[in-house]
Every structure is written in structure tokens, then in C-alpha cells.
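See the structure below:
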């Protein structure tokens, strides 16, 4: 009779493992809770990708609702979503800012000159469309790490006060925009306009 509790413990552990795995089977890995949501954009001071003498800070993302798109030329999915993001900019006046980092500038991957990076970016934007108001060059990926970025593309919806209101992992296509990101973007734009009217 004393051996019964010893049999129950492995059974309980096995049951917990089954529940955990079953939950993971039906979860969407792109729907992870972001620790950045509800917080201000982390402080940074980074150059413009194409004009390094221009410096951006978190203040640069205030005053207008912004979709911050983490991307790179090495990212195949980024190229796939770029025409749709360009259409959002041109047809719906969506304010999209790029947060760019390049794997080949990392010592673990090799080296690349800034001029070569700029040429690759220019070529890619010419081929797939340019949705960006400007591109922030996350030289050492510090800002991406501060945001909790795990890859590319990732998107952060930032309100006019510089607060992150949504984090989306993966590409933005028509379905994702219509059902998830677009409604929040519209809501934040309306809130921003209401705040401006109230301030008059």
C-alpha cells in the first residue's frame, strides 16, 4: 500500500506533459505574448540606413501611428510581404518605418561594407516596392533585442505617443491586415485624431 504514491507521481507528471503538448499542438507560434506591448519604444539612437548622418531616436516615432517593420534583404518572407506593405502605404497612407539589420555585418556571419548593404537594399526595394517612410539601421541589433525580436519579419504597431500596442510575428498579408493589424491601426489613428481635436 505504501508504494501507491510512488506510482501516482510519474502518472501525474506524464499527465501534465500531455496537457502541455496538447496545448502547444493547437497554439499559433505567431501569437506569442509580447513583453513589449503596452510599453514605450525602448530608447535608441541609430542612423538612417541610406543617410547615416541622420540620427533617429524613440522620439522620431512619436506624433503619428507607426507600423515598425523589422526586416533584412536576407529575409525571403520580407520580400514576399513587401509589395503588400507598399500597397498599404500608397493606397491607405499607412506610415511604415523599417528597422533594418544585416546578418553579414555580424562577425559570426562575415563582413560587409555599408555601401554594399545600401546597394542590396536599393535593389530589393526597386524590385519589390518601397513601403518605408525611412529605414532605421539597427547596426548591432541592440534595438531589435530590446524589442524582443526573434527573427524577421516582425512588426510593432506604435501609437502616436510612442507606446507599443501590438506585436505581430511573421508577414503581413491581406488576411492578417484585414483581421488583425488593420483594425488596430485604424483604431489608433482615430484615437490620435481625437486627441489632437481635444487639444485645440
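In full-length UniProt numbering, the protein residues as written are 1 to 200.
Where a beta carbon is used, it is the ideal one built from N, C-alpha and C, also for glycine.
Treat the numbers as computed from the prediction; the structure is a model and nothing was measured.
| query | result |
| --- | --- |
| Assuming residue 167 and residue 36 are in contact, meaning their beta carbons sit under 8 Å apart, how far apart are those beta carbons, in whole angstroms? | 6 Å |
| Report the option in 200, 197, 199, 187 whose CA atom is closest to the CA atom of residue 65. | 187 |
| Jot down the residue ranges of each uninterrupted beta strand (DSSP E) in the region 145 to 183, minimum 3 residues, whole runs only, in chain order. | 154 to 158, 164 to 169 |
| Sort out for me which residues DSSP pairs residue 48 with in a bridge. | 136 |
| Please list, in chain order, all residues of the same chain as residue 78 whose beta carbon is under 7 Å from its beta carbon, the five residues on each side excluded. | 71, 72, 152, 153 |
| Leaving out five residues on either side along the sequence, give the residues of the same chain with a beta carbon under 8 Å from the beta carbon of residue 39. | 163, 164 |
| Just the C-alpha distance for residue 103 and residue 74, rounded to the nearest angstrom, thanks. | 8 Å |
| Return the bridge partner residues of residue 71 from the DSSP annotation. | 100 |
| Classify residue 31 as buried or exposed, calling it buried when 16 or more other Cβ atoms lie within 10 Å of its own Cβ. | At residue 31 the pLDDT is 44, less than 50, meaning the model places this residue with poor confidence and gives no usable figure here. |
| Would you kindly check if the distance between the Cβ of residue 158 and the Cβ of residue 46 is under 7 Å? | no |
| Could you compute how far the alpha carbon of residue 191 sits from the alpha carbon of residue 112? | 43 Å |
| Given a cut-off of 7 Å on the beta-carbon distance, is the pair residue 60 and residue 101 in contact? | no |
| Taking the C-alpha atoms as reference points, what is the distance between residue 99 and residue 68? | 7 Å |
| From residue 52 to residue 86, what distance separates their C-alpha atoms? | 23 Å |
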